[in-house]
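Position one of the sequence shown corresponds to residue 1 (UniProt numbering), numbered consecutively onward.
Below is one structure; the comments refer to it alone.
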Amino acid sequence: MTDVSRTVEAVWRIESPRLVAGLARTLRDVGLAEEVAQEAFVAALEQWPEQGVPDNPGAWLTTVARRRAVDLVRRERTRDEKYARLAADLAAPGAGSGGGTTTVAHAGDGGAVLVGSVPATDAIVEDPVGDDLLALVLVACHPVLPRESRVALTLRLVGGLTTDEIARAFLVPSATVGQRISRAKRTLAEANVPFDVPQAGELAARVPAVLEVVYLVFTEGYAATSGDAWVRRELAEDAMRLGRVLAGLLPGEPEVHGLVALMELQASRFAARTGPDGEPVLLEDQDRARWDRLLVRLGLAALDRALALGTRAGKALGPYSLQAAIAACHARAAAWADTDWDAIVALYDALASVAPSPVVELNRAVAVGYADGPGAALVVLDAVADDPRLARHHLYGAVRGDLLTRLGRHAEAADVLERAAGLAPTRHERQLLLERAAAASSAHEARPRAAQ
1 MTDVSRTVEA VWRIESPRLV AGLARTLRDV GLAEEVAQEA FVAALEQWPE QGVPDNPGAW
61 LTTVARRRAV DLVRRERTRD EKYARLAADL AAPGAGSGGG TTTVAHAGDG GAVLVGSVPA
121 TDAIVEDPVG DDLLALVLVA CHPVLPRESR VALTLRLVGG LTTDEIARAF LVPSATVGQR
181 ISRAKRTLAE ANVPFDVPQA GELAARVPAV LEVVYLVFTE GYAATSGDAW VRRELAEDAM
241 RLGRVLAGLL PGEPEVHGLV ALMELQASRF AARTGPDGEP VLLEDQDRAR WDRLLVRLGL
301 AALDRALALG TRAGKALGPY SLQAAIAACH ARAAAWADTD WDAIVALYDA LASVAPSPVV
361 ELNRAVAVGY ADGPGAALVV LDAVADDPRL ARHHLYGAVR GDLLTRLGRH AEAADVLERA
421 AGLAPTRHER QLLLERAAAA SSAHEARPRA AQ
């Protein structure tokens, strides 16, 4: 790949969300808007190597895309005028059975375009306040779409990732991602999902679905659920970029800032979370000098904004802000021994009340184990032991095995950890659990000899 090609791709990653959003507002068709934007991208790939990169690459792409959109609008208008004249002729006395009017709709190149829905060509303008981009985010995360389609469409339209990049990130075939995106666009068109920003009440109800998509992307990068790599840093960074975009578009939403804080605080540990061969390094064993202090400061500042906004609005902390507050407890501790486990338990108690789930209880058990001892933690864990949602979750066995080890029940621990290893989604996690199982087994075998 040439330097110019890399420049084009970098510009596209930055500019495409805004470009597609503005075009979608004009054309009222997300799929068609992306096609027009892609044509501008192809034009850049063809022309910039010969003519040089323009001084303002984003403006160049916008101009080319605008011209293409204007051509489409004019073509649709001409077509619609012809159909309207034909309809008028058919409705004229003697031309048909009725004297009523006919409403004509025409399916254009990129989707349905209704008569009267095509705006004037001078409506294709910049979006200084970000409403178009927010509308694009809301459309990509619309509840009419299944979860995997929301993720793929958001990364494609808002994240500027290619189909191949999304496929590599989630370890699925490119064709599968392409089909998800195509089906999502078709579903949006068939459901007549409007391209606009809803009123305040509806907007507030839609925000959680958007945050869920962004955090799903982040967690897949932070702790992968498949493949050999435990961490996919690029995917997590894409999610953080999306989160910061949302914070700019929705500056008054506490949970948006809470999510940004959570992602930045967790991402600050990236350099310390893996060993030289990509193996996991648990929080207790991490070299905190390797934590990214800039991300820690950014995350703490975002958390402060979330807390201030929530207090001002009289809102209780939401799940993302609470998780960010837990991450902040770890970030503020100079060493593992300095961790304020009582505060973390209290935060998990609050989290369990606003977003109850067996995974929250799993994490609460870990905190209780360090605050009140492994015996108390097992009581918490036993309460969710039969939850079917944990039946295939390797972390349940990992936590239980650790607690049993600390209680000196090494044989039980070894068995639980071996079973957890069989459920681990990545090679490195599997190896870590097998090593812990072997250590527990060795400790069990050593006890009789020690007694002799």
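From the three backbone atoms N, C-alpha and C, an ideal C-beta is built for every residue, glycine too.
Practice problem: Pull up the distance between the alpha-carbon of G111 and that of L153, whole angstroms please. | Solution: Locating residue 111 in the sequence shown gives position 111, counting from the first residue. Locating residue 153 in the sequence shown gives position 153, counting from the first residue. Bear in mind that a pLDDT of 40 at G111, under 50, signals an unreliable position, so the number given afterwards is only what the model happens to contain. Their backbone Cα atoms lie some 17 Å apart in a straight line.
Self-check item: Exposed unless 16 or more other CB atoms sit within 10 angstroms - verdict on R28
Solution: Within the sequence shown, residue 28 is the residue found at index 28, counting from 1. Classification for R28: buried.
Quiz item: If you compare alpha carbons, which of A209, R241 and H393 is closest to R13?
Solution: Working through the sequence shown from its first residue, we reach residue 13 at position 13. Nearest in C-alpha terms to R13, of all of A209, R241 and H393, is R241.
Self-check item: Reduced DSSP category for T162 - H, G, I as helix; E, B as strand; rest coil
Solution: As a first step, residue 162 must be located in the sequence shown, where it is residue number 162. Under the three-state reduction of DSSP output, T162 falls in the coil class, being neither helix nor strand.
Practice problem: Determine the DSSP secondary structure at T154, reduced to helix, strand or coil. | Solution: Looking up residue 154 in the sequence shown gives position 154. Of the three classes helix, strand and coil, the one that applies to T154 here is helix, per DSSP.
Practice problem: Starting from the C-beta of S97, find all residues in its chain whose C-beta is less than 7 Å away, skip the five residues before and the five after it, and write them out in chain order. | Solution: Position 97 of the sequence shown, counting from 1, holds the residue named residue 97. In this prediction, S97 scores a pLDDT of 40, lower than 50, which makes its location untrustworthy; no coordinate-derived value is stated.
Quiz item: alpha helix (DSSP H) containing A355: first to last residue?
Solution: Your numbering for residue 355 matches position 355 in the sequence shown. Counting along the chain, A355 falls outside any alpha helix (DSSP H), and DSSP gives it neither H nor E.
Quiz item: Does the Cβ of P251 have 16 or more other Cβ atoms within 10 Å, making it buried, or fewer, making it exposed?
Solution: Sequence index remark: in the sequence shown, residue 251 carries index 251 (1-based). Looking at its Cβ environment, which holds fewer than 16 other Cβ atoms inside 10 Å, P251 is exposed.
Self-check item: Cβ neighbour criterion (16 or more within 10 Å) applied to N363
Solution: Translated into positions along the sequence shown, residue 363 becomes position 363. Buried, since its Cβ has 16 or more Cβ neighbours within 10 Å.
Quiz item: Would you call the region 193 to 202 and the region 392 to 401 touching, i.e. three or more CB-CB distances under 8 Å?
Solution: These segments do not touch.
Practice problem: Could you check what DSSP says for P280 in three-state terms: helix, strand or coil? | Solution: Taking the first residue of the sequence shown as position 1, residue 280 is located at position 280. In this structure, P280 counts as strand in the three-state DSSP scheme.
Quiz item: Is V197 near the ligand SAH, in the sense that its beta carbon is under 8 Å from a heavy atom of that ligand?
Solution: Among the components of this structure there are no ligands whatsoever, and the ligand SAH is therefore not found.
Quiz item: How about the region 58 to 67 and the region 4 to 20: do they share at least three Cβ pairs that are nearer than 8 Å?
Solution: With the cut-off at 8 Å, the region 58 to 67 and the region 4 to 20 touch.
Quiz item: How many angstroms separate the CA atom of P254 from the CA atom of G221?
Solution: As a first step, residue 254 is located in the sequence shown; it is residue number 254 there, counting from the start. As a first step, residue 221 is located in the sequence shown; it is residue number 221 there, counting from the start. Going by C-alpha positions, P254 is about 24 Å away from G221.
Quiz item: Does the separation of the CB atoms of L322 and A355 fall below 9 Å?
Solution: Within the sequence shown, the letter at position 322 stands for residue 322. Within the sequence shown, the letter at position 355 stands for residue 355. Yes, the pair counts as a contact, with Cβ atoms nearer than the cut-off.
Practice problem: Can you say whether E165 is buried or exposed, counting buried as having 16 or more other CB atoms within 10 angstroms of its CB? | Solution: Position 165 of the sequence shown holds residue 165. Under this definition E165 is a buried residue.
Quiz item: Are L157 and V70 closer than 9 Å when you measure CB to CB?
Solution: Within the sequence shown, the letter at position 157 stands for residue 157. Within the sequence shown, the letter at position 70 stands for residue 70. In this structure, V70 does not lie closer than 9 Å to L157 by Cβ.
Quiz item: Per DSSP, what kind of secondary structure is T311 in: helix, strand or coil?
Solution: The residue you call residue 311 lines up with position 311 of the sequence shown. T311: helix per DSSP, three-state reduction.
Exercise. Please go through the same chain and pick out, in chain order, the residues whose beta-carbon is closer than 7 Å to the beta-carbon of G318, but skip the five residues on each side of it.
Key: Along the sequence shown, one-based indexing puts residue 318 at 318. Only P254, E255, G258 and V354 meet the Cβ criterion.
Practice problem: Report the rounded CA-to-CA distance for T121 versus Y348, giving the unit in angstroms. | Solution: Mapped onto the sequence shown, residue 121 falls at position 121. Mapped onto the sequence shown, residue 348 falls at position 348. Note that T121 scores 42 on pLDDT, short of 50, meaning its location in the model is unreliable; the coordinates nonetheless yield the value given after this. One alpha carbon belongs to T121, the other to Y348, and they sit about 54 Å apart.
Practice problem: Let me know if T225 comes out buried or exposed under the rule of 16 or more other beta-carbons within 10 Å of its beta-carbon. | Solution: Working through the sequence shown from its first residue, we reach residue 225 at position 225. Exposed, because fewer than 16 other Cβ atoms sit within 10 Å of the Cβ of T225.
Practice problem: Decide yes or no for the touch test of the region 197 to 213 against the region 162 to 177: beta carbon pairs closer than 8 Å, at least 3 of them. | Solution: No, the region 197 to 213 does not touch the region 162 to 177.
Quiz item: Does the distance from the CB of E264 to the CB of V296 come in under 9 Å?
Solution: Walking along the sequence shown from the start, residue 264 turns up at place 264. Walking along the sequence shown from the start, residue 296 turns up at place 296. Contact annotation: E264 and V296 have beta-carbon atoms nearer than 9 Å.
Exercise. Figure out for me which residue from E190, W230 and V210 has the closest Cα to the Cα of A239.
Key: On the sequence shown, residue 239 is found 239 positions in, with the first residue counted as 1. The candidate whose alpha carbon is nearest that of A239 is V210.
Self-check item: Neighbourhood of A446 by C-beta distance below 6 Å, restricted to the same chain and skipping five residues each side
Solution: Translated into the one-based positions of the sequence shown, residue 446 becomes position 446. Same-chain partners within the cutoff: there are none.
Self-check item: Test item: CB-CB of L433 and E418 under 9 Å
Solution: Start at 1 with the first residue of the sequence shown, and residue 433 comes out as number 433. Start at 1 with the first residue of the sequence shown, and residue 418 comes out as number 418. Yes, Cβ-Cβ distance for L433 and E418 is below 9 Å.
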